[in-house]
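In our numbering, the protein residues as written are 2 to 218.
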């Protein structure tokens, strides 16, 4: 059975739990990015504390989301790893808020880089589910990768430059989570929009495909 067929059958017979968790995570990242713009004079220690709280909440939420949907989403492992890394970065900043600018940018840059790579991976998952606009998530991921490389390759940025790139990186990562959340909601709503007759036909076709595959083994 092809991956797209398997994804369709799985989505019809199972529903995604708590699709709004990535939405909340996205809002947290965007709010943190906006705060970075509007409060450019905050000390690195204050920003580190803000980032740590945001990352800890986001990471714990994504870990919970991945475990709640491990029987539903083929790529639940991405959410789990993403949540663990986000949580780890949050804890590191929390236990050591008096970080230098270079260290803070490294943490943020590394986290945004991994989340952006995850965005590109999720975009191809959306393509397999049949979404025609999956390319938008790819673009968001690529933009995030560019911003993260700027932070990682220039650890000593001056003045408003550090504020601009850090804020943009966080906001881009937030858009990724929000965009993905709305796509997950569409997948969650899919079973409710399919008639019982069509659902039965899908199940019969799925069973027939499995029988054919098993008979060749």
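Built from N, CA and C at the ideal position, the CB exists for glycine as well.
query                                                                                                                   : result
Close-in-space but distant-in-sequence residues of the same chain around residue 186 (CB under 7 Å, 5 per side omitted) : 20
As assigned by DSSP and simplified to three states, the class of residue 101                                            : coil
Simplified DSSP assignment, three categories, for residue 133                                                           : coil
Residue environment, residue 9, which counts as buried when at least 16 other CB atoms sit within 10 Å                  : Caution applies to residue 9, whose pLDDT of 46 falls short of 50 and renders its modelled position unreliable; the model cannot decide the point.
CA nearest to the CA of residue 92, picked from 113, 166 and 50                                                         : 50
Those runs of the alpha helix (DSSP H) which lie wholly inside the segment 61 to 132 and span at least 4 residues       : 77 to 96 and 102 to 130
Cβ-Cβ distance between residue 87 and residue 171 below 8 Å                                                             : no
The segment 93 to 100 / the segment 120 to 132 touching (three or more Cβ pairs under 8 Å)                              : no
Contact under 8 Å by Cβ, residue 138 with residue 180                                                                   : yes
Three-state secondary structure (DSSP) of residue 22                                                                    : helix
Own chain partners of residue 66 with C-beta closer than 7 Å, once the 5 adjacent residues on each side are dropped     : 19, 22, 23 and 80
Residue 145 to residue 74 span [Cα, whole Å]                                                                            : 24 Å
For residue 191, the three-state DSSP class (helix, strand or coil)                                                     : coil
Beta-carbon spacing of residue 116, residue 174 below 8 Å                                                               : yes
Residue 17, DSSP secondary structure in three states                                                                    : coil
Helix, strand or coil at residue 40 [DSSP, three-state]                                                                 : coil
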